[in-house]
Structure formats: C-alpha cells, structure tokens
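*Asks:*
2 protein chains.
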Amino acid sequence: MNTALTVSEAAARFGLTAHTLRWYEQVGLVDPVPRDGAGRRRYAEADLNRLAFLTRLRTTGMPVREMLRYVELARLGSETEAARRALLEAHRRRVLARIADLEADLEVIDRKIASYGS
Amino acid sequence: MNTALTVSEAAARFGLTAHTLRWYEQVGLVDPVPRDGAGRRRYAEADLNRLAFLTRLRTTGMPVREMLRYVELARLGSETEAARRALLEAHRRRVLARIADLEADLEVIDRKIASYGS
DNA sequence: AGTTGACTTAGAGTGCACTCGAAGCGGGAG
DNA sequence: CTCCCGCTTCGAGTGCACTCTAAGTCAACT
C-alpha cells in the first residue's frame, strides 16, 4: 500500500500551499521529507502526523520561532520531554487567555450589534 | 474638568503605542483628534470611546482594511446602519468560528501534553 | 537661562509568515 | 515522440501592521 502523498496533496490536507510546506522544510520546522526516484517529496503517514500536530500549534498562534524550539527539543530525544511539556503548557495557557479575550471582546461587539436594533 | 489625555496616555489605556495611535489617524481609522494650543493631540471621552470599540475589532482580528470600511460607513450617517450591522455580524461569525477552532486545536494540544505523562 | 522630555511631522524601516518567479527536469497521456 | 503538468531549487518579492528615525517645537522644571 502506497499512501504517500505529493507535496500538493499533503498541503491540501492541512489547508496550506505546496510552497508553504517546502518552506517549512527549508526553515527546519520539519525534517527533509523522503523523496521518490525523481526527487519529489513523498509524505508518508508519519510525516503527515507530524504536520498535523505542527499545524495545530501554528493555527493556535504559536510563532514559527517557538515551533522551531519545540522541534529542536524533540530532535534531542527523550531527555527533553519535560522541556517540551513545559513549552506546550505555556502555550496552552496563552491559548486559553486568547479565547477568554475573544469572548470578552465578542460581548462588546454583540452589544454594538444590538444597539443597531433589528 | 479636563479629562483629555495625551497620545501616550490614550495609547497606554488601550495597550497600544503613541506611534500606533498616530498611525491609526494617518490611515483614517480615526478622525483627526482635537489638538491643544501647542498642536498636541488631546483625547476626550468621545475619542476614547471610539478607540475602545475599534481596538475590540482589532484584537478580535478584523483587518485594518475592513475596519476602514466600517468607519467610512459610520461617517456616511445613519443610512448605513444596516450595512454596519451586517459587517459586524459577519465579523461576529468569524470570531465564533475562530473560538471554536482554537478550542478544537487546544484539545489536541492537551492530549499531547497528557502523552508526556506527569 | 538652560535642560529635559513629550510632543509634532513625513517618511523610511522592520518582522513575520508566507508567496511567487525563474529555470529546469521527469513521467504519464495522446 | 512530444506535450504538458507538477515537481525541483534558489532567491527575491509581498502584505500586513506596525515601529522607528530625524529634525524640530514647546512647556515645565531647576
């Protein structure tokens, strides 16, 4: 079974562009993806899973800079698990705060909408 | 009673910089703020209220481009109220969707944190 | 009177995260 | 065999939202 995807297919799966996926590789966010005989990227299950998690970090607003620190910790092996966990927990707190802010701001906007009457 | 604030004071109140506040004026996000005898901006109650709402739009992710459309509608008077309301409602839906996305992504991150054990 | 510090303007510069262009290669369809 | 399309690399360009610089003014403090 050959489920390996091309760069465009993988990009589509995560709502990114092929350009962006190559760029992620270029800046070191993901390790170089295995190539086929013609030198083309082939995204296998494991690559897709890594991407899936990274895109979650990204869409929740983690800066690329910090994602780089995370993946570099991961490259160093299991000794860095505590550090990675701490990094994710800090991010989690930021996301929770962001959600709370959005909800508070939304209430103000709702009041404005209401002020326009029906 | 003179409660009018300087540009820095007003900026501090909204977590912006004086530079940003001047830039908002320059690009037309806010009308030129009344000046004192020395030509310095003096933010009165009404100016601060307008800014308070605009910063809510901004922090909820409305692009400056769209905020401009909103304030231009407001300048046109009460005939544009329906359009303004529609614009805010569309934004409201986007913010709700954003919150939902953040919550879904956060769950994935939580699972990852849990996978690192205690 | 002099110094300090916040203000003024116009315009240039920055950081982030892509996004695109150019030039070339390779593999499947007709 | 030829055409076309999607891939390759490298490097330059873009859009957004600020952010800062330079040169100057003005009011208040010492």
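Residue numbers (UniProt numbering), protein chains in the order written: chain A, 1 to 118; chain B, 1 to 118.
Idealized CB from N, CA, C, for every residue including glycine.
(1) If we ignore side chains and look at the alpha-carbon of each, how far apart do Leu-87(A) and Ala-44(B) end up?
(2) From the DSSP output, in three-state form, read off Leu-29(A) for me.
(3) In whole angstroms, what is the alpha-carbon distance linking Ala-46(B) and Arg-85(A)?
(4) Considering Ser-8(A), what are the terminal residues of the alpha helix (DSSP H) in which it resides?
(5) Give me, in chain order, the residues of the same chain whose beta-carbon lies closer than 6 angstroms to that of Thr-17(A); leave out the 5 immediate sequence neighbours on both sides.
(6) With three or more C-beta pairs closer than 8 angstroms as the rule, is the segment 59 to 67 of chain B touching the segment 91 to 105 of chain A?
(7) When the Cβ atoms of the segment 68 to 80 of chain A are set against those of the segment 34 to 41 of chain A, are three or more pairs found closer than 8 angstroms?
(8) Less than 9 angstroms between the C-beta atoms of Arg-42(B) and Thr-6(B), yes or no?
(9) Look at residue 119(B) and Val-27(B) and say whether their C-beta atoms are less than 9 angstroms apart.
(10) In chain order, what residues of the same chain have a beta carbon less than 8 angstroms from the beta carbon of His-91(B), not counting five sequence neighbours either side?
(11) Look at the alpha carbon of Asp-110(A) and the alpha carbon of Ala-114(B), and state the distance between them as a whole number of angstroms.
(12) For chain A, check one thing: does any of its Cβ atoms lie closer than 9 angstroms to the Cβ of Tyr-24(B)?
(13) Kindly list the residues whose CB is nearer than 7 angstroms to the CB of Pro-32(B), restricted to its own chain and excluding five residues on each side of it in sequence; keep chain order.
(14) If you measure between the beta carbons of Lys-112(B) and Phe-14(A), is that distance less than 9 angstroms?
(15) Does Leu-76(B) have its Cβ less than 9 angstroms from a Cβ in chain A?
(16) Can you check which of these residues, Arg-94(A), Leu-48(A) and Pro-34(A), is closest to Glu-9(A) by C-alpha distance?
(17) Consider the Cβ of Phe-14(B): report whether some Cβ of chain A lies at a distance smaller than 9 angstroms.
(18) Taking any Cβ of chain B, which residues in the segment 89 to 114 of chain A have a Cβ under 9 angstroms from it, in chain order?
(19) Measuring only the C-alpha atoms, how far is Ser-118(A) from Ala-83(B)?
(20) Distance, Cα to Cα, Ala-74(B) vs Glu-89(A)?
(21) So which of Tyr-116(A), Val-64(A) and Tyr-70(A) has the shortest CA-CA distance to Trp-23(A)?
*Replies:* Reading it off the structure:
(1) 43 angstroms
(2) coil
(3) 47 angstroms
(4) 7 to 14
(5) Ala-11
(6) yes
(7) no
(8) yes
(9) No answer is possible for residue 119(B): it lies beyond the span of chain B, which begins at 1 and ends at 118.
(10) Leu-57, Thr-60, Met-62 and Glu-66
(11) 36 angstroms
(12) no
(13) Glu-25
(14) no
(15) no
(16) Leu-48(A)
(17) no
(18) Glu-89, His-91, Arg-92, Val-95, Leu-96, Arg-98, Ile-99, Asp-101, Leu-102, Glu-103, Ala-104, Asp-105, Leu-106, Val-108, Ile-109, Asp-110, Lys-112 and Ile-113
(19) 12 angstroms
(20) 43 angstroms
(21) Val-64(A)
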